[in-house]
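So the protein sequences, as listed, match chains A and B.
According to numbering that gives the first Met the number 0, the first sequence is numbered sequentially starting from 0.
According to numbering that gives the first Met the number 0, the second sequence is numbered sequentially starting from 0.
Even for Gly, the Cβ is constructed at its ideal location relative to N, Cα and C.
A short write-up of the structure that comes next.
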Amino acid sequence: MAILETQGLTYTYSQGTPFEKTAVDHVDLKIEEGEMVGVMGHTGSGKSTLIQHFNGLLRPTSGKVLLDGRDIWEDKAKIREVRFQVGLVFQYPEYQIFEETVYKDIAFGPKNMGLDDAEIKRRVLATAHDIGLKEELLDRSPFELSGGQKRRVAIAGVMAMEPKVLILDEPTAGLDPAGRDKILSHIKAYHERTKNTTLIVSHSMEDIAGFADKILVMNKAKLFCYDDTEKVFGRAEEISAIGLDVPQVTKVFLELKKRGLDFGKEVYTVGYARDLLIKQLKEREGQ
Amino acid sequence: MLKDITIGQYFPGSSLIHRLDPRFKIVMTVIYILMLFTGSRLSCLIVGAVYTVMAVLLSKIPMKMFMKSVKPLMPFLLITALINLFLVGTGATVYKWRFINITEDGINISIFMVIRIVLLIMGSSLLTYTTSPITLTDAIERLLTPLKKLKFPVHELAMMMSIALRFIPTLIEETEKIMSAQKARGAEIDTGSFMTRAKNMAAILVPLFISSFRRADELATAMECRCYHGGEGRTRLRQLRSSPRDYTALAVTIVFYAAAIVIAHI
């Protein structure tokens, strides 16, 4: 059964005023448990609005959001429970840090869940380790840390709630390449260890293509496609047409195909491209 | 919920009121307030009410917007009315029960106070609804120019006002973002007991203060990079010019004020 499902999800901002705007328009999708999903779309395509529905921060204008097959708005009083099960990390999450120590800030979520101190401690230490924060940092003030470290503290704050579904909105925005790779690899390791469902919103195809099982593309408030990574990049030309960028290596291989060198497969990571090319070259040598 | 705040909001338009010189509009608003405080009988307010209705109609801003600006002050209005109703002891008694003594004067004064406050809010809302914050501070700066002779930092004051006004929407947006982020971590902000909500306010206020200081710092640097050094020798992009229209509007306002004074002394 799908862990997260939407049925005809529609959301309209400022309904009934001249500023009315439909940000999400009849979206139906099913996200299976344990998947790593990349969410892509232009600025204003409705992806941020969409993900805020998954943990009940926004209430659909019409349609439903189902978590484990149950409508999350069935009982309004239980919406907080939903937020513990679906963790949402906003863009630039370091701006939400407020506690005196890193430990306390990571513990904020688990504490709101009403866990006991031993369990909170276990979770804080585990997530700090997962996200690559050294233990001696835990007693420091989060405001003394570097930008990348702050970002990781904020992400750990949501991870520590051990949500079934973890959603990250542009977790690498504004970081340098080294910081970006670090955060992505930690998220990936966490996903592999806990087998949770992870959704990552990103502008960068290169980021997503590397490790997402599936890709969800939003375009002009509608669901453009939701499919396996390979199949989505198989529609590289369509994706380029709606103004999104496909990975550079995919572009190279599309051009090769045009010139008559067809590998019959979609190429979207550099490693895979290298293997394909080596194989091809060896075959030629053999001939 | 924060988006419902309408105080200080500007509704662009091209009505007669929108086009008036902002300096005149400020002066007229001051006269208007004096007008409302002339006399203490209900009949005195009629002049003010007529003037308000006239100005509101000319501004072409829907009445709904004015109701919205009055709404947040409802509790205040209610308390004012009740205090006057119960505490004014003069005049003929209308209703008496134990220590409660409601008199005719009490009823009249509470109605009078409520109408006066509503008119005050509507009139001052009209000023901000029809004048953009930037022009408003420009006008204040011009009106206060004489004070420069007394070494009063007029330009600095006006600059601080424009910056403050400019950042109201930004702060509202920022607050909403932080609230959502903390709600996502299970903070109870709209729900929960008063104590938990008060505690969770720290989770919103601390990040908000930090980002405000950061913003202020960045803005100061940006201003210095562009060689900002105060108002001395600075020329303006928008020159304020008064036209016969402005003098006519001012004359009409003064006539209304005179009428209010006459009625108050009959």
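**Residues of the stretch 114 to 127 of chain A whose Cβ lies closer than 7 Å to any Cβ of chain B, in chain order** = none
**Request:** Verify whether the separation of the beta carbon atoms of B/Y128 and B/Y50 is less than 9 Å.
**Result:** no
**Asked** Grouping DSSP H, G and I as helix and E and B as strand, with all else coil, what is B/Y256?
**Response** helix
**Prompt:** Just the Cα atoms here: how many angstroms apart are A/V266 and A/S203?
**Reply:** 16 Å
**Asked** Quick one, which of A/T60, A/I182, A/V248 has its alpha-carbon nearest A/A172's?
**Response** A/I182
**Message:** For B/P132 and B/I253, I'd like the C-alpha separation in whole angstroms.
**Reply:** 25 Å
**Asked** Should A/T42 be listed as close to the ligand NAP, given that the test is whether its C-beta is under 8 Å from any heavy atom?
**Response** This structure simply doesn't include the ligand NAP, nor any ligand for that matter.
**Message:** Could you pull the DSSP bridge partners for A/Q6 from this structure?
**Reply:** A/K63
**Residues that A/N111 contacts on chain B, provided the C-beta gap is smaller than 7 Å** = R184, G185, A186
**Request:** Name, in chain order, the residues that DSSP records as bridge partners for B/V69.
**Result:** Paired residues: none, contrary to the question.
**Request:** Can you grab the Cα-Cα spacing for the pair B/D104 / B/I114, in whole Å?
**Result:** 15 Å
**Message:** Out of A/L215, A/G86, A/I154, which one is the CA nearest neighbour of A/D27?
**Reply:** A/L215
**Prompt:** By DSSP, does B/A54 sit in helix, in strand, or in coil?
**Reply:** helix
**Prompt:** Going along the chain, which residues of the stretch 157 to 170 of chain A sit with their C-beta nearer than 8 Å to a C-beta in chain B?
**Reply:** V157, M160
**Message:** If the criterion is Cβ atoms closer than 9 Å, does the pair B/L35 and B/L119 meet it?
**Reply:** yes
**Prompt:** With 9 Å set as the bound, which would you pick, yes or no: does the beta-carbon of B/I177 sit closer than that to a beta-carbon of chain A?
**Reply:** yes
**Prompt:** Is the CB-CB distance between A/N111 and A/V85 below 9 Å?
**Reply:** no
**Item:** Boundaries (first-last residue) of the beta strand (DSSP E) holding A/L87
**Value:** 85 to 88
**Request:** Using a threshold of 9 Å, state whether the C-beta atoms of A/P141 and A/E205 are closer than that.
**Result:** no
**Asked** Is it right to say B/C224 is buried, meaning 16 or more other beta carbons lie within 10 angstroms of its own, or is it exposed?
**Response** exposed
**Request:** Could you check how far apart the C-beta atoms of B/L142 and B/I25 are, in whole angstroms? I think they sit under 8 Å.
**Result:** 6 Å
**Request:** Run down chain A in chain order and give the residues with a C-beta less than 8 Å from the C-beta of B/P206.
**Result:** Y94, Q95, I96, F97
**Prompt:** If you draw a straight line from the alpha carbon of A/E134 to that of A/A127, how long is it in whole angstroms?
**Reply:** 7 Å
**Asked** Considering only the beta carbon of each residue, do A/D129 and A/A155 sit closer than 9 Å?
**Response** yes
**Item:** Given A/K219 as reference, the closest of A/T5, A/M0, A/Y10 once Cα atoms are compared
**Value:** A/Y10
**Item:** chain A residues whose Cβ lies nearer than 7 Å to that of B/A180
**Value:** F89, P92, Q95
**Asked** Buried or exposed: which applies to A/K230, given that a residue is buried once 16 or more other Cβ atoms fall within 10 Å of its Cβ?
**Response** exposed
**Prompt:** Within 9 Å (strictly less), CB to CB, does B/S58 reach chain A?
**Reply:** no
**Asked** Which stretch, first to last residue, makes up the alpha helix (DSSP H) that contains A/M287?
**Response** Outside the shown range of chain A (0 to 286) lies residue 287 of chain A, about which nothing can therefore be said.
**Prompt:** the stretch 192 to 221 of chain B: which residues have C-beta closer than 7 Å to a C-beta of chain A, in chain order?
**Reply:** A201, A202, V205, P206, S210
**Prompt:** For B/L112, which of B/D137, B/F75, B/K70, B/R244 has the nearest alpha-carbon?
**Reply:** What sits at residue 112 of chain B in the sequence shown is Met, not Leu. The shortest Cα separation from B/M112 among B/D137, B/F75, B/K70, B/R244 belongs to B/F75.
**Message:** Need the endpoints of the beta strand (DSSP E) that B/N100 sits in, please.
**Reply:** 99 to 102
**Message:** Once DSSP output is grouped into helix, strand and coil, what is the label at A/Y225?
**Reply:** strand
**Item:** Coarse secondary structure for B/R18, derived from DSSP in three states
**Value:** helix
**Message:** Is it buried or exposed, B/T220, if we count other Cβ atoms within 10 angstroms and call 16 or more buried?
**Reply:** exposed
**Item:** Cβ-Cβ distance between A/V101 and A/L132 below 9 Å
**Value:** yes
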